[in-house]
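First residue of the sequence shown? That's 1 in my numbering, and the numbers climb one at a time after it.
Beta carbons: idealized from backbone N, C-alpha and C, even for Gly.
Quick caveat: nothing in here was measured; it's all calculated off a predicted structure.
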Amino acid sequence: MREALMAQQIPLTVVDRWNRPLRALRLSVTDRCNLRCQYCMPEEDYTWLPRQTLLTFEEMARLTDVFTQLGVDKVRITGGEPLLRKDLPILIRLLRQNPRIQDIALTTNGVLLADQAADLYRAGLHRVTVSLDTLRPDRFKALTKREMLDRVLEGIRAVGAAGFTGLKIDTVVIRGFNDDELVDLVEYGKQVSGEVRFIEYMDVGGATEWAPEKVLSRTAMLQILSEQYGSIEPIVENSSAPAQRFRLPDGTIFGIIASTTTPFCATCDRSRLTADGMWYLCLYARQGIDLREPLRAGVETETLQSLILAGWNNRRDRGAEERKALEHRSTRGQFIAIEQLREDPHLEMHARGG
Ligand code: SAM
Ligand code: SF4
Ligand code: SF4
């Protein structure tokens, strides 16, 4: 492979302006969702990506192939709600044919997981992350506008039953909403052999109800958890993963993703491909690079490589750090107004993939 890459004059490690490698690709397979989490999709209706623009699985696999020729070796399937995309195991099988991919993970809200977990496992999916913000049915309904907590919990049980290990449970913590459930969620994680990761509420596109006072910081989370469990030990790891991990006295491990108060842009190797083939180099980027158009025009692989290479080489994005810097001027508020989101749905978290 080394020789092949040299022949195409591709550097062995593709890095951006801050020397960050191109490693992890988040592949959004749909912008649709069956929940309406208030921190992500507070509206009932949205401007959806036109159906004819959505990439087929073959197109997704082809683009992913090109990304892997440039260094990507981790793929996370996301959305919207990825399990709404019909026949997802077909995509997993296509991706598994690519030997450069070391890890294929899925982030899902879990609603449709009970029906699909076994097929996804058989198709070769490596890992599953389920988002779960509350264990209380009334709160689940208030947050998501749907009565589906039982289905999510059933979906989580199906993960282990299907044969998966390494389950993760992601919880967005909102001050005054679910900050009294941190301990319950850690205990639930133990029951289902899942590693819980608490995520600070982020002011991403679509989070039109975000406000600074709704953020519960990592420090505050650790304070709450240590009151229950005693001393919490940070785990020292050399990793670009967004979560910092901690160990409780009984050995239980959990993570905190402190994107809002302690951004980790300096080591960020992630980029995102929307379901219609727009490539975004940062969760907060306003502009993306259109890969669908050249792909459908039938360009050579080298042309796609050059587009991606040039895009990554020029990348300077440090979106979360820039958002944080606004705090000093007390100007941190809503990132993108609803009118703008309606004009360009790509600015939405649910289109870009979390
Ligand atoms: N629908 C799937 C799900 O919820 O797992 C996948 C897509 S969702 C956009 C991916 C992740 O983004 C979820 O874990 C969700 O909680 C997280 N997310 C969405 N909006 C967020 C926000 N404003 N702050 C922090 N995390 C957010
Ligand atoms: Fe919730 Fe995920 Fe749907 Fe957003 S995309 S509304 S986080 S389930
Ligand atoms: Fe990466 Fe952008 Fe998130 Fe920073 S804000 S960690 S650069 S995706």
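(message) For the beta strand (DSSP E) containing S271, name the first residue and the last one.
(response) Membership of S271 in the beta strand (DSSP E) is indicated by the continuous run R270 to L273.
(message) When you compare the CB positions of V196 and G189, do they come within less than 8 Å of one another, or not?
(response) For V196 and G189, yes; Cβs fall inside 8 Å.
(message) Given this structure, state the Cα-to-Cα distance separating T219 from T261, to the nearest angstrom.
(response) It is roughly 9 Å from the alpha-carbon of T219 to the alpha-carbon of T261.
(message) Using 8 Å as the threshold, is the C-beta distance between L22 and R146 below it?
(response) With contacts defined by Cβ atoms closer than 8 Å, L22 and R146 do not form a contacting pair.
(message) Quick check on this structure: which residue in A118, E233, F164 and R272 has the alpha carbon closest to the alpha carbon of H350?
(response) It is R272.
(request) Could you have a look at F246 and say whether DSSP puts it in helix, strand or coil? (result) Reduced to three states, the DSSP call for F246 is strand.
(message) With the cut-off set at 8 Å, would you say I77 and L55 are in Cβ contact?
(response) The Cβ atoms of I77 and L55 lie no closer than 8 Å to each other.
(request) Flag this pair as yes or no: are the beta carbons of G110 and L135 separated by less than 8 Å? (result) With contacts defined as CB atoms closer than 8 Å, G110 and L135 fail to qualify as a contacting pair.
(request) Please classify G71: is it buried, with 16 or more other beta-carbons within 10 angstroms of its beta-carbon, or exposed? (result) Buried.
(message) Looking at the secondary structure, which residues open and close the alpha helix (DSSP H) in which R62 lies?
(response) Annotation for R62: the continuous alpha helix (DSSP H) segment containing it runs F57 to Q69.
(request) Can you say whether G354 is buried or exposed, counting buried as having 16 or more other CB atoms within 10 angstroms of its CB? (result) By the neighbour-count definition (other C-beta atoms within 10 Å, threshold 16), G354 is a buried residue.
(request) Give every residue of the same chain whose Cβ lies closer than 6 Å to the Cβ of R355, excluding the five residues on either side of it in the sequence, and list them in chain order. (result) As shown, the chain starts at 1 and ends at 354. That puts residue 355 outside it, with no answer to give.
(message) So, for A62: in the same chain, excluding its five sequence neighbours on each side, which residues have a beta-carbon less than 8 Å away from its beta-carbon?
(response) The sequence shown places Arg at residue 62, rather than the Ala named in the question. Closer than 8 Å at Cβ, skipping near neighbours: L295.
(message) For a minimum of 4 consecutive residues, which ranges assigned as the alpha helix (DSSP H) are wholly contained in the stretch 292-321?
(response) Under the rule that a run must span 4 or more residues, the alpha helix (DSSP H) segments found entirely inside the stretch 292-321 read 292-296 and 301-313.
(request) Name the one or two DSSP bridge partners that Y280 has. (result) Y280 is bridged to R272.
(request) State the Cα-Cα distance for the pair T13 and G298, rounded to the nearest angstrom. (result) Cα-Cα distance, rounded: 27 Å.
(request) Verify whether the separation of the beta carbon atoms of I235 and S226 is less than 8 Å. (result) Cβ atoms of I235 and S226: not closer than 8 Å.
(request) Assign R352 to one of two classes, buried (16 or more other C-beta atoms within 10 Å of its C-beta) or exposed (fewer than that). (result) Of the other Cβ atoms in all chains shown, 16 or more fall within 10 Å of the Cβ of R352; this residue is therefore buried.
(request) Taking only the alpha-carbon atoms, compute the straight-line gap between E322 and R315 and give it to the nearest angstrom. (result) Taking the straight line from one Cα to the other gives about 15 Å.
(request) Please report how far the alpha carbon of K86 lies from the alpha carbon of E200, in whole angstroms. (result) Going by C-alpha positions, K86 is about 31 Å away from E200.
(request) Could you give the DSSP three-state label for D170: helix, strand or coil? (result) The three-state reading of DSSP puts D170 in strand, counting E and B together.
(request) Sort out for me which residues DSSP pairs I77 with in a bridge. (result) DSSP, once it has assigned bridges, lists L27 and L106 as partnering I77.
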